[in-house]
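Structure record follows, encoded as structure tokens.
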Amino acid sequence: MRMSVDLRDLFLYEAFLYYNPLLLVALMIWLWGVNLWVFAQSSVNYAKVFDLAQTHLSHREIWRCATWLTLIVPTSMTAYLYLYSHGEVSLAASQPVLLYAILLMILLSPFDMFYLSSRFYFLRTVWRIILPLQAITFPDFFLADIFTSMSKVFSDLERSVCRMVNRQVATIAWFEADSICGSHSVAIPLVLVFPYLWRFFQCLRQYKDTKEKTCLFNALKYSTAIPVIFLSALKYHVYPDQWVGFYRPLWLISSVVNSLYSFYWDIKRDWDLRPAAS
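Each residue of the sequence shown is one higher than the last, beginning at 2 in the numbering used here.
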């Protein structure tokens, strides 16, 4: 029995939700390989900059990983859409769950396969980001900065994993108002705010080690993102007139402050784009 047109539209959106974050990660891996290729062509010793072992992945190996992910994710998505459109609901629901489980097992596998040393390096860096109890290294804040740019990925991953854990894959339960996995989930702002908190505490740790006041101003930049995230989430937890009359203006003000501060900091500090001396 084939599904109705309306339900098909809903599950096309759902399929996009499950697979879009993984496709974005694949794109990031492709672009990271491009970065390494440019570094190699420019004779930049990036292995020393990132404190990499001699067995680190080359741009070709990075592209190989990206190729596999680019092939596997659309294949799983195609299977999901095909099976559901032909009424095989249980088999369809298993496709994204199986894909996420396989990728997680590969990432966490303790066996010497699938670039164990590189996976261990990545996981160790993530652990250092989560608990900045030691001196902050370049890879630590570089990866944490990348995480602050992945809000869409983390938001979709949170909703995807929530639906898998609560067995809402290939059902319309997630679309209902009382679903714990909808846009009003309190977990979404928490997931989004963590990267900014990590960078905030990294900056405080750097100030503790170096006593440079610039670190405090950098910490302030990341702290301005926190009210933006939580005020945005309030849209799903307050009455419409409260949102329009009170919370939305606060959200707009905090967004402007965060955007202007971040723009100034990127131009003047991170990129050092200052007017040439006359």
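Idealized CB from N, CA, C, for every residue including glycine.
Should P22 and V154 be called a contact, given that it needs their Cβ atoms to be closer than 7 Å? For P22 and V154, yes; Cβs fall inside 7 Å.
Less than 7 Å between the C-beta atoms of A27 and L82, yes or no? Result no, Cβ atoms of A27 and L82 do not sit closer than 7 Å.
Distance, Cα to Cα, L198 vs S224? When only Cα atoms are considered, L198 and S224 end up about 7 Å apart.
Using alpha carbons as the reference points, say which of N219, I189, V245 and R206 lies closest to I230. Nearest option by C-alpha distance: I189.
In this structure, how does DSSP classify G246 when only helix, strand and coil are distinguished? Of the three classes helix, strand and coil, the one that applies to G246 here is helix, per DSSP.
Let's see if you can read the secondary structure: which residues bound the alpha helix (DSSP H) around H60? H60 to S86 is the span of the alpha helix (DSSP H), which, as asked, contains H60.
Bounding residues of the alpha helix (DSSP H) (the contiguous stretch that carries W128): Element bounds for W128: L117 to I131.
Limits of the alpha helix (DSSP H) - the one that P228 falls within: For P228, the uninterrupted alpha helix (DSSP H) run begins and ends at A226 to A234, by DSSP.
So what does DSSP say about V170, is it helix, strand or coil? It is coil, neither helix nor strand.
Distance between H87 and S5 (C-alpha atoms, nearest Å): At S5, the pLDDT of 49 sits below 50, so the modelled position is not reliable and the matter cannot be decided from this model.
Roughly how many angstroms separate the alpha carbons of S118 and Y248, rounded to a whole number? Separation of S118 and Y248 (C-alpha to C-alpha, rounded to the nearest whole angstrom) is 47 Å.
Should the segment 120-136 be regarded as contacting the segment 96-106, the criterion being three or more beta carbon pairs within less than 8 Å? Between the segment 120-136 and the segment 96-106, the count of C-beta pairs closer than 8 Å stays below three; the two stretches do not touch.
By how many angstroms is the C-alpha of L13 removed from the C-alpha of F218? Distance between the alpha carbons of F218 and L13 is about 44 Å.
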